[in-house]
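Novice: Take 8 as the starting number for the sequence shown in the numbering used here and just add one per residue. Provided herewith is a single structure, encoded as structure tokens, for subsequent inquiry.
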Amino acid sequence: MKKLALGAATVLALGTFAVITNQAEAATQTLQSLAAANGRYFGSATDNPELSDTAYTAILGGGEFGQTTPGNAMKWDSTEPAQNSFSYAKGDAVVSFAQAHDMKVRGHTLLWHNQLPGWVAQLPAAQVQAAMENHITNVATHFKGKVFAWDVVNEPFNDDGTFRTTSPFYAAMGSDYIADAFRTARAADPDAKLYINDYNTDGQGAKADAMYNLVKTLKAQGVPIDGVGFQAHLAIQYGFPTNMQANLQRFADLGVDVAITELDVRMVLPRDSAKDATQATYYTNVVKACVAVTRCVGITIWDYTDKYSWIPGVFSGQGAALPWDDSLARKPTAYNAIATALGGVAESPSPTKSTSPPPTGACSATYRIVGSWPGGFQGEVTVTGKSAWTATWTFANGQTISQLWGGTVTQSGSSVTVAPASWNSTPPATFGFLASWNNSTNAIPAVTCS
Ligand code: XIL
8 MKKLALGAAT
18 VLALGTFAVI
28 TNQAEAATQT
38 LQSLAAANGR
48 YFGSATDNPE
58 LSDTAYTAIL
68 GGGEFGQTTP
78 GNAMKWDSTE
88 PAQNSFSYAK
98 GDAVVSFAQA
108 HDMKVRGHTL
118 LWHNQLPGWV
128 AQLPAAQVQA
138 AMENHITNVA
148 THFKGKVFAW
158 DVVNEPFNDD
168 GTFRTTSPFY
178 AAMGSDYIAD
188 AFRTARAADP
198 DAKLYINDYN
208 TDGQGAKADA
218 MYNLVKTLKA
228 QGVPIDGVGF
238 QAHLAIQYGF
248 PTNMQANLQR
258 FADLGVDVAI
268 TELDVRMVLP
278 RDSAKDATQA
288 TYYTNVVKAC
298 VAVTRCVGIT
308 IWDYTDKYSW
318 IPGVFSGQGA
328 ALPWDDSLAR
338 KPTAYNAIAT
348 ALGGVAESPS
358 PTKSTSPPPT
368 GACSATYRIV
378 GSWPGGFQGE
388 VTVTGKSAWT
398 ATWTFANGQT
408 ISQLWGGTVT
418 QSGSSVTVAP
428 ASWNSTPPAT
438 FGFLASWNNS
448 TNAIPAVTCS
């Protein structure tokens, strides 16, 4: 939130507010600021390899997200690769990034049948409970005070609503492992909200019923469970989950928080405008369902960009699941669906809300500051009306571009010229960049294109 205030103040101090009216509104609106206005967080998962991608981290930490979840860094194979030998460097790196960018962290996950090191599966059944409790105690103690919530148990059910009996924890302890895991986590970190988390429980059906009955039983037994996570790994070819809002509400009525924990909306590739439009309705419906349920505390997308989505690696031939594409450009469809469902404005590609397209051969460009922080900012320019364009502008305050994606930049003193990347010459074309600024004035330049 501190960075948002800085960005807004910067625009206002320039006196350019009236000139760039709807762009200024858009520039100060982020998914997190909109979610916060609804008393919720909006987050993105992340993973250690992409934290060295500065164009990626500029957006991750640039104000759009108030929460993050490590995609892999806190899983068992990462934190206890050999028995009783703990390694926290990856998890600590995600926590440090989050703390430096005003993002809170969901811990994921203490207990899952996947991404377990081989030694766990080889344990004699009689040793599983002690190993499980030792793991939970150590990991939850290490991250105490650094995570506000834990997915204590992940994916306990098969799709038909039966318990996943192949899990080594179930195999050794039966379903009692779940209550034991929650009690162990509570003892290690009494302040963290403790969640159970699963997929295909987003809509009503056998699997959601099984989860509902489990949570009801755990509550009745006094097991310390605070929340239910709904992963919401959705796919447009399978239809939207049945009665999602009502489903979230019935869990909330059991006296637990609910959260959308791993949202993405995949499609069969290639992407096209019809699939994008369908995907946008899914994003709208999920966000509206959460906003409508008082105890739905927040929404996390499973990374924000297709560049780092897990989908293509797991679901062959599918992808394009996230609101930013693989060149880190926002998709107006999915992004605006989320923003408007949170009560924000759709971002217009043009600073004037003209309804007529530019004349053939004419070219217009809009420039906006996506986010800024001490010494740096991220900008974005959208060119409409002309293919094979060239965009030029003059910085007024010594700004210097360090990195640009979606095009090729030449900067000579204050003069900037950008030509499109080969795949990005057809309007509307958007490119983004990182630049330095003097921390006092960051004027919006007039961009001309030809
Ligand atoms: C995924 C990660 O995103 C991948 O990088 C990894 O290879 C496999 O796991 N449900 C979950 C997440 O709870 O932990 C999974 O994350 C996605 C499905």
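Glycine included, each C-beta is placed from N, C-alpha and C at the ideal position.
According to DSSP, simplified to helix, strand and coil, what is M110?
Specialist: Against the sequence shown, residue 110 aligns to sequence position 103. It is coil, neither helix nor strand.
Novice: Work out the CA separation of A450 and L21 for me, nearest whole Å.
Specialist: One-based indexing of the sequence shown puts residue 21 at position 14. One-based indexing of the sequence shown puts residue 450 at position 443. Only weak support is given to the placement of L21: the predicted model assigns it a pLDDT of 36, under 50, and the question is left unresolved by the model.
Novice: Is D54 near ligand 1, judged by its Cβ being under 7 Å from some heavy atom?
Specialist: By 1-based counting over the sequence shown, the position of residue 54 is 47. Correct: D54 has its Cβ closer than 7 Å to ligand 1.
Novice: Examine ligand 1 and report whether any of its heavy atoms sits within less than 7 Å of the Cβ of E57.
Specialist: Here residue 57 is taken as the residue at index 50 of the sequence shown, counted from 1. Result no, Cβ not under 7 Å from ligand 1.
Novice: Between E87 and the rest of its own chain, which residues show a CB-CB distance below 8 Å, the 5 nearest in sequence each way excluded?
Specialist: In the sequence shown, residue 87 corresponds to position 80, counting from 1. The residues are F93, S94, P124, H142, N145, V146.
Novice: Could you check where the alpha helix (DSSP H) with I306 kicks off and where it finishes?
Specialist: The count along the sequence shown starts at 1 and reaches residue 306 at position 299. Premise fails: I306 lies in the beta strand (DSSP E), 303 to 308, not in any alpha helix (DSSP H).
Novice: Among P277, T455, Y290, G439, which has the Cα closest to the Cα of G326?
Specialist: Here residue 326 is taken as the residue at index 319 of the sequence shown, counted from 1. Checking every option, the nearest Cα to that of G326 belongs to P277.
Novice: Which partner residues of L411 appear in the DSSP bridge assignment?
Specialist: As a working note, residue 411 is residue 404 in the sequence shown. Per DSSP, F440.
Novice: Do the segment 212 to 220 and the segment 146 to 162 meet, that is, are 3 or more Cβ pairs less than 8 Å apart?
Specialist: By the Cβ criterion, the segment 212 to 220 is not in contact with the segment 146 to 162, since fewer than three pairs of Cβ atoms, one from each stretch, lie closer than 8 Å.
Novice: Is N207 near ligand 1, in the sense that its beta carbon is under 7 Å from a heavy atom of that ligand?
Specialist: Counting from 1 along the sequence shown, the entry for residue 207 is found at position 200. No, Cβ of N207 sits at least 7 Å from all heavy atoms of ligand 1.
Novice: Assuming contact is defined by CB atoms lying nearer than 8 Å, are L261 and V300 in contact in what I supplied?
Specialist: Within the sequence shown, the letter at position 254 stands for residue 261. Within the sequence shown, the letter at position 293 stands for residue 300. No, they are not a contact pair.
Novice: How would you write the range of the alpha helix (DSSP H) that W83 sits in, first residue to last?
Specialist: Residue 83 sits at position 76 when you count from the first residue of the sequence shown. Where W83 is concerned, the enclosing alpha helix (DSSP H) stretches over 83 to 86.
Novice: Ignore the nearest five residues each way along the sequence and tell me which others in K226's own chain have a CB closer than 8 Å to its CB.
Specialist: Here residue 226 refers to the residue found at position 219 when the sequence shown is read from its first residue. So the list reads I232, L261, G262, V263, once near-sequence residues are dropped.
Novice: So, for C303: in the same chain, excluding its five sequence neighbours on each side, which residues have a beta-carbon less than 8 Å away from its beta-carbon?
Specialist: Here residue 303 is taken as the residue at index 296 of the sequence shown, counted from 1. Residues R47, L255, A259, D264, V265, A266, I267, A296, C297 of the same chain have their beta carbon placed closer than 8 Å to that of C303, with the five preceding and five following residues left out of the count.
Novice: Determine whether the beta carbon atoms of A395 and G414 lie at a separation below 8 Å.
Specialist: Your numbering for residue 395 matches position 388 in the sequence shown. Your numbering for residue 414 matches position 407 in the sequence shown. Not a contact, by the Cβ cut-off of 8 Å.
Novice: Throw me the rounded Cβ distance for the N204 and Q238 pair, which I believe falls under 8 Å.
Specialist: Translated into the one-based positions of the sequence shown, residue 204 becomes position 197. Translated into the one-based positions of the sequence shown, residue 238 becomes position 231. Their Cβ separation, rounded to whole angstroms, is 6 Å, which keeps N204 and Q238 in contact under 8 Å.
Novice: Looking only at DSSP bridge pairs, what is A267 linked to?
Specialist: If you number the sequence shown from 1, residue 267 lands on position 260. Contrary to the premise, residue 267 reads as Ile rather than Ala in this sequence. According to DSSP, which records beta bridges pairwise, I267 is partnered with F237, I306.
Novice: My output table needs one value for T144: the three-state DSSP class, helix, strand or coil.
Specialist: As a first step, residue 144 is located in the sequence shown; it is residue number 137 there, counting from the start. The answer is helix: DSSP assigns T144 an H, G or I state.
Novice: Considering only C-alpha positions, which residue in the set V377, A52, I318, I308 is nearest to V275?
Specialist: Along the sequence shown, read from residue 1 onward, the residue named residue 275 stands at position 268. Closest by alpha carbon: I318.
Novice: Return the residue from the list R190, F170, F189 that minimises the CA-CA distance to G181.
Specialist: Counting from one through the sequence shown, the residue named residue 181 turns up at place 174. Per the Cα distances, F170.
Novice: Going by the beta-carbon positions, is the gap between N81 and G114 smaller than 8 Å?
Specialist: Within the sequence shown, the letter at position 74 stands for residue 81. Within the sequence shown, the letter at position 107 stands for residue 114. Here residue 81 is Met; the residue named in the question, Asn, does not match the sequence. Yes, the Cβ-Cβ distance between M81 and G114 is below 8 Å.
Novice: Return the residue from the list A133, G70, P131, Q136 that minimises the CA-CA distance to A105.
Specialist: Taking the sequence shown and counting its residues from 1, one reaches residue 105 at position 98. Among A133, G70, P131, Q136, the Cα nearest to that of A105 belongs to G70.
Novice: Helix, strand or coil for S371, going by three-state DSSP, please let me know.
Specialist: For the purposes of this step, residue 371 is taken as residue 364 along the sequence shown, with counting starting at 1. Strand.
Novice: Among A44, G320, K97, E57, which has the Cα closest to the Cα of K73?
Specialist: Reading the sequence shown from its first residue, position 66 is the one you call residue 73. The residue asked about is misnamed: residue 73 is Gly in this sequence, not Lys. Minimum Cα distance to G73 is reached at A44.
Novice: Can you pull the DSSP bridge partners for V388?
Specialist: On the sequence shown, residue 388 is found 381 positions in, with the first residue counted as 1. Looking at the DSSP assignment, V388 forms a beta bridge with Y374, F438.
Novice: Thinking just about the alpha-carbon of each residue, which of F176, D187, N207, D333 is nearest to the one in D167?
Specialist: In the sequence shown, residue 167 corresponds to position 160, counting from 1. Minimum Cα distance to D167 is reached at N207.
Novice: Taking 7 Å as the cut-off, does the CB of G262 come closer than this to any heavy atom belonging to ligand 1?
Specialist: Counting from 1 along the sequence shown, the entry for residue 262 is found at position 255. Answer for G262: no, Cβ out of range of ligand 1.
Novice: Could you spell out where the beta strand (DSSP E) holding T424 opens and where it closes?
Specialist: The count along the sequence shown starts at 1 and reaches residue 424 at position 417. 422 to 427 is the extent of the beta strand (DSSP E) around T424.
Novice: Helix, strand or coil for N250 per DSSP?
Specialist: On the sequence shown, residue 250 is found 243 positions in, with the first residue counted as 1. Here N250 sits in coil by DSSP.
Novice: Compute the beta-carbon to beta-carbon distance between L329 and S316, rounded to the nearest angstrom, for a pair I have assumed lies under 8 Å.
Specialist: Indexing the sequence shown from 1 puts residue 329 at position 322. Indexing the sequence shown from 1 puts residue 316 at position 309. Going by Cβ atoms, the distance from L329 to S316 rounds to 6 Å, so yes, they are a contact pair.
Novice: Between C456, T389, V352, R337, which lies nearest to P435 when the distance is taken from Cα to Cα?
Specialist: Reading the sequence shown from its first residue, position 428 is the one you call residue 435. Nearest of C456, T389, V352, R337 to P435, Cα basis: T389.
Novice: Comparing C-alpha positions only, which one of E269, I243, N79, G392 sits nearest to G236?
Specialist: Numbered from 1 along the sequence shown, position 229 holds the residue referred to as residue 236. Checking every option, the nearest Cα to that of G236 belongs to E269.
Novice: Could you tell me how far apart the beta carbons of D187 and Q136 are, in whole angstroms, since I believe they sit closer than 8 Å?
Specialist: By 1-based counting over the sequence shown, the position of residue 187 is 180. By 1-based counting over the sequence shown, the position of residue 136 is 129. Going by Cβ atoms, the distance from D187 to Q136 rounds to 7 Å, so yes, they are a contact pair.
Novice: Which whole-angstrom value is the C-beta distance of V454 and W400, which I expect to be below 8 Å?
Specialist: Walking along the sequence shown from the start, residue 454 turns up at place 447. Walking along the sequence shown from the start, residue 400 turns up at place 393. Yes, they are in contact, since the Cβ atoms of V454 and W400 sit about 5 Å apart, within 8 Å.
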